[in-house]
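Chains as they are written, first to last, in the numbering used here: chain A, 1 to 158; chain B, 1 to 783.
No residue lacks a Cβ here, since even glycine has one placed at the ideal position from N, Cα and C.
Have a look at the structure below before the remarks.
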């Protein structure tokens with residue numbers, strides 16, 4: 001079986017698995033990193049949203065063979081460390097606004113939110129309602145309004 | 001954030017103030033302090049309604065006031081059902097000062113672990129973060145007392161949990177009195193520490209063993225009076241929030257059960273089809289990562305090292321299928337079945353009347369966490385892990401299927417990633433047990449999203465026909481005939497109703513009819529009012545979706561109310577308000593009208609709508625503003641349904657005594673999003689015996705682009721000392737208010753729901769193979 005090497009949450013990992021297995025299953029089923037959730041497997045629900053080199057991606061749609069040894073995968077478990085704090089400012093905002101209900105989609109929501117704020121900041125502008133409308137992550141508990149409030153608050157401290 | 005401060009005398013046998021109710025609890029024999037209460041103390045069970053005063057069926061007794069649903073609602077029924085069979089629930093004090101409690105309910109996002117911790121923190125005067133609430137395994141001795149449904153959890157557990165905590169408090173104070181050499185009356189318990197008159201103090205952890213008892217005994221206690229509350233009624237964030245935002249919260253599929261490898265099922269192309277034969281089982285077993293492939297009752301199960309390899313294996317299987325239970329059926333054919341099953345409205349009234357016929361499509365109650373379970377079945381025992389709202393029924397059904405005694409099947413209730421009624425059933429747990437038994441190996445079984453959408457439970461398709469007769473400004477009669485594809489209540493709720501049906505004044509009505517009558521009521525003074533349910537066709541996988549019949553029934557009713565107001569030239573808000581007999585209902589309606597500036601000028605193509613719904617001993621009202629202008633309806637969103645936008649939602653709720661206002665707001669927010677979805681975008685299309693929807697970009701639950709930018713939720717002050725239910729409450733009024741707003745914005749009363757149902761907004765995925773391939777272009781979408 002081929003081996004694939006990349007970085008996850010600051011540590012190098014090597015997995016021995018068929019190259020077409022998607023990163024979500026490498027993370028969850030082989031590495032035991034269960035923060036990214038399965039909600040559809042076809043890059044629609046965004047529950048598995050994680051970061052690849054700082055950008056939002058969906059591991060359910062990335063064959064592990066597409067990763068290079070220098071690629072840095074950040075899951076919700078590794079987000080806080082990227083801010084050098086116990087919790088990332090977006091996670092704090094999520095707590096302050098008590099966003100989560102069942103919590104299943106929330107790791108993906110937070111990772112998508114952080115990437116959105118970074119993208120908007122790189123464009124030198126403020127988050128708009130249209131930006132928030134553009135988030136595709138499903139929350140079947142319907143926490144959307146608190147998500148919008150938390151993203152605006154979290155962006156203030158990023 | 002700490003628990004409250006209470007004087008030591010309150011809990012003692014001697015010091016109770018006159019007029020306070022005493023409750024019976026237990027100290028349980030154990031090495032550390034364990035106290036308990038009956039889940040439903042006898043004194044809380046309502047008196048039986050006077051059967052003679054309640055004629056059998058409203059239709060035959062037009063003078064019936066109050067209605068059956070007012071006399072004895074579903075929650076009373078569930079509470080009463082619990083009486084003769086209830087077991088004990090217990091609170092334990094650890095040597096480290098933590099308080100533990102295994103809640104015999106399912107947490108699926110509704111916040112009951114938090115509200116339960118708050119009840120214990122209140123009575124025990126310990127900080128909330130010292131209370132550890134877990135979910136109890138299936139406890140068959142609890143019988144009906146371990147069903148999570150009917151928005152009943154807080155109603156049924158509010159007192160017994162506090163009683164168990166109050167017994168613990170009393171025992172700790174007595175132990176401290178001996179330790180500190182002071183009478184109980186001279187002690188204070190605050191933040192988990194008991195302090196005597198001399199200033200000496202001792203933590204409850206240090207007292208846990210001393211306060212324990214080697215015999216079980218009964219103890220009478222009083223509960224903290226409402227005016228002393230410092231935890232109950234104040235907003236608290238969820239106790240599991242930190243775990244949720246860090247990825248540490250564990251759902252069933254996150255558990256590492258040794259040997260439980262990923263497992264999926266190749267399912268039929270039509271609803272409940274069966275396997276005929278499989279052409280390539282051996283070939284599929286030889287695929288990379290695949291360990292097993294086996295035919296089971298619902299399809300062909302494959303087990304592999306990763307779920308990705310399960311997906312590939314499911315897609316590779318060549319199966320010939322036998323017909324299912326809805327062969328050839330479509331939305332149109334089911335509608336004809338419903339029309340044939342509709343009960344008559346009777347002769348046309350001689351007075352003016354308004355009439356409407358409304359159609360509600362099948363809807364999906366898929367949670368974001370799909371149906372899933374872990375099973376480890378051995379020759380002489382089995383162990384199951386799954387988010388289950390009826391774990392006892394699941395345990396019994398699984399034991400029967402496996403041929404094991406119930407006592408040899410352990411069922412662990414995991415925290416659920418949403419339910420919306422879906423987790424009342426245990427379809428995945430049954431399948432996992434079957435596969436594990438057949439393979440002799442542990443399995444971690446999960447449904448693909450496409451399976452969850454196409455073969456999972458649905459809210460049944462229904463029609464509602466309404467006729468209201470009036471004369472002048474008086475509504476003389478209001479008749480509603482609700483006709484529905486059968487709702488499967490076989491998760492235990494049906495059995496509760498069976499058990500008590502003979503005691504209820506509902507004549508020969510079946511489960512569903514009884515449930516319907518218990519959950520529905522007519523809030524307006526509309527003369528002779530009747531609502532009847534007729535059900536047909538048991539060929540679909542259905543269930544009690546959040547708020548069950550109420551969203552559709554209420555939506556139809558409120559649309560007709562708007563029509564009546566229009567006929568009489570009345571304002572829709574005033575018309576409703578003036579015909580409400582119940583003060584709480586009038587108050588919530590007036591509150592949203594005031595807070596939402598009812599009647600403010602709105603641009604053409606936009607409008608307000610207002611609606612009311614009461615259930616679960618709670619009342620609610622919604623004011624919705626909607627934008628139906630073409631530039632909004634047609635705004636571009638990739639692979640999404642845009643349609644009308646709800647621009648503002650104002651919602652008022654009176655849920656009686658509120659344990660956690662922050663959690664209540666969250667439940668209202670979620671219910672509003674459900675109501676928006678049911679009215680505007682969320683429906684399943686049935687064609688040729690299967691549902692077309694196989695993805696979240698096919699079945700359009702509310703998304704960010706449908707979310708109201710303005711949302712206000714108002715919790716009404718209440719002097720009640722009893723909580724009402726809330727988990728499902730907000731859906732009905734929200735759906736109805738969206739529909740009413742849409743009708744007023746467009747000038748046409750909507751009659752088909754969801755409103756976009758006539759337009760298919762996606763290209764259906766194939767049914768063979770049953771699940772779509774895993775995409776490989778994820779890197780192209782990095783952003």
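| said: Strictly under 8 angstroms for the Cβ-Cβ distance: is residue 701 of chain B near chain A by that measure? | reply: With a threshold of 8 angstroms between beta carbons, residue 701 of chain B makes contact with chain A.
| field | Limits of the unbroken alpha helix (DSSP H) element including residue 308 of chain B | value | Here the alpha helix (DSSP H) through residue 308 of chain B covers 307–316.
| For residue 575 of chain B, which residues does DSSP report across the bridge? | Answer by DSSP bridge pairing: none, since residue 575 of chain B is not bridged.
| Helix, strand or coil for residue 51 of chain A per DSSP? | Residue 51 of chain A falls in the strand class under three-state DSSP.
| query | Just curious, the beta strand (DSSP E) that residue 662 of chain B is in, first and last residue? | reply | That residue, residue 662 of chain B, is in no beta strand (DSSP E); its alpha helix (DSSP H) goes 661–680.
| query | How many whole angstroms separate the CB atoms of residue 739 of chain B and residue 750 of chain B, which I take to be in contact at a CB cut-off of 8 angstroms? | reply | Yes, residue 739 of chain B and residue 750 of chain B are in contact; Cβ-Cβ is about 6 angstroms, under 8 angstroms.
| Cβ neighbours of residue 452 of chain B in the same chain (closer than 7 angstroms, five flanking residues each side left out) | These residues qualify, in order along the chain: 366, 370 and 371.
| DSSP three-state assignment for residue 404 of chain B, whether helix, strand or coil | Residue 404 of chain B falls in the coil class under three-state DSSP.
| Candidates B:772, B:36 and B:279: which alpha carbon is nearest residue 162 of chain B's? | The option with the nearest alpha carbon to residue 162 of chain B is B:36.
| Whose Cβ in chain B lies nearer than 8 angstroms to the Cβ of residue 52 of chain A? | Simply 779 and 782.
| task | Could you have a look at residue 158 of chain B and say whether DSSP puts it in helix, strand or coil? | result | The three-state secondary structure of residue 158 of chain B, taken from DSSP, is helix.
| Contained alpha helix (DSSP H) runs [length at least 4] in the region 98–150 of chain A, N- to C-terminal order | For the region 98–150 of chain A, whole alpha helix (DSSP H) runs of length 4 or above, ordered along the chain, are 106–122 and 129–133.
| query | For the 8 angstroms Cβ check, are there 3 or more pairs between the region 353–364 of chain B and the region 703–712 of chain B? | reply | Result no; under three Cβ-Cβ pairs closer than 8 angstroms.
| said: For residue 111 of chain B, which residues in the same chain have their Cβ closer than 8 angstroms to its Cβ, ignoring the five residues on either side in sequence? | reply: Within its own chain, the residues whose Cβ lies closer than 8 angstroms to the Cβ of residue 111 of chain B, once the five positions on either side in sequence are excluded, are 238, 660, 663, 666 and 667, listed in chain order.
| field | Alpha carbon of residue 88 of chain B to alpha carbon of residue 405 of chain B, nearest angstrom | value | Rounded to the nearest angstrom, the two C-alpha atoms are 23 angstroms apart.
| task | Label residue 12 of chain A either buried or exposed according to how many other C-beta atoms from any shown protein chain fall within 10 Å of its C-beta, with 16 as the threshold for buried. | result | Label assigned to residue 12 of chain A: exposed.
| From what residue to what residue does the beta strand (DSSP E) around residue 734 of chain B run? | Counting along the chain, residue 734 of chain B falls outside any beta strand (DSSP E), though it belongs to the alpha helix (DSSP H) covering 730–746.
| task | Could you say if the region 114–128 of chain A and the region 641–658 of chain B meet the contact criterion of at least three C-beta pairs nearer than 8 angstroms? | result | At 8 angstroms Cβ cutoff, the stretches do not touch.
| task | Evaluate residue 350 of chain B with the Cβ neighbour count: other Cβ atoms within 10 Å of its Cβ, from every protein chain shown; 16 or more gives buried, anything less gives exposed. | result | A residue is called buried once 16 or more other Cβ atoms fall within 10 Å of its Cβ, and residue 350 of chain B, having fewer, is exposed.
| Under 7 angstroms from the C-beta of residue 132 of chain A: neighbouring residues of chain B | Result: 704.
| request: Go to residue 12 of chain A, then tell me how far its beta strand (DSSP E) extends in each direction, as first and last residue. | output: Element bounds for residue 12 of chain A: 11–16.
| query | Roughly how many angstroms lie between the CA atoms of residue 630 of chain B and residue 771 of chain B, to the nearest whole one? | reply | Residue 630 of chain B and residue 771 of chain B have their C-alpha atoms some 36 angstroms from each other.
| Is it the case that the Cβ atoms of residue 6 of chain A and residue 669 of chain B are separated by a distance below 8 angstroms? | Taking 8 angstroms as the Cβ cut-off, residue 6 of chain A and residue 669 of chain B do not qualify as a contacting pair.
| query | Three-state secondary structure (DSSP) at residue 92 of chain B? | reply | Three-state result, residue 92 of chain B: strand.
| Which residue from B:258, B:255, B:267 and B:315 puts its Cα closest to that of residue 283 of chain B? | In terms of CA proximity to residue 283 of chain B, B:315 leads the group B:258, B:255, B:267 and B:315.
| task | Flag this pair as touching only if the region 147–156 of chain B and the region 716–733 of chain B have three or more C-beta atom pairs under 8 angstroms; answer yes or no. | result | The region 147–156 of chain B makes contact with the region 716–733 of chain B, as at least three CB pairs between them are under 8 angstroms.
| Along chain B, which residues have their Cβ under 7 angstroms away from the Cβ of residue 125 of chain A? | Near residue 125 of chain A there are no residues of chain B at all, since even the closest Cβ is about 16 angstroms away, more than 7 angstroms.
| Which listed residue (B:408, B:539 and B:553) has its alpha carbon closest to that of residue 516 of chain B | Looking at the Cα atoms, B:553 is the closest of the given residues.
| In chain order, what residues of the region 87–101 of chain A put their CB closer than 7 angstroms to some CB of chain B? | Listed by position along the chain: 91, 94, 95, 98, 100 and 101.
| query | alpha helix (DSSP H) containing residue 116 of chain B: first to last residue? | reply | From DSSP, the alpha helix (DSSP H) with residue 116 of chain B extends over 112–124.
| Which first and last residues belong to the beta strand (DSSP E) in which residue 220 of chain B is found? | Here the beta strand (DSSP E) through residue 220 of chain B covers 217–222.
| request: Mind checking which residues open and close the beta strand (DSSP E) that includes residue 643 of chain B? | output: If you look at residue 643 of chain B, you'll find it isn't in any beta strand (DSSP E); DSSP assigns it neither H nor E.
| field | Buried versus exposed call for residue 594 of chain B [16 or more other C-beta atoms within 10 Å across all chains shown] | value | It counts as exposed.
| CB contact check: residue 391 of chain B to chain A, cutoff 8 angstroms | With its beta carbon at least 8 angstroms from every one in chain A, residue 391 of chain B lies outside the interface.
| query | DSSP three-state call for residue 564 of chain B: helix, strand or coil? | reply | Helix.
| query | From A:108, A:47 and A:56, pick the residue whose C-alpha is nearest to that of residue 781 of chain B; which is it? | reply | Checked all of A:108, A:47 and A:56; the closest Cα to residue 781 of chain B is A:56.
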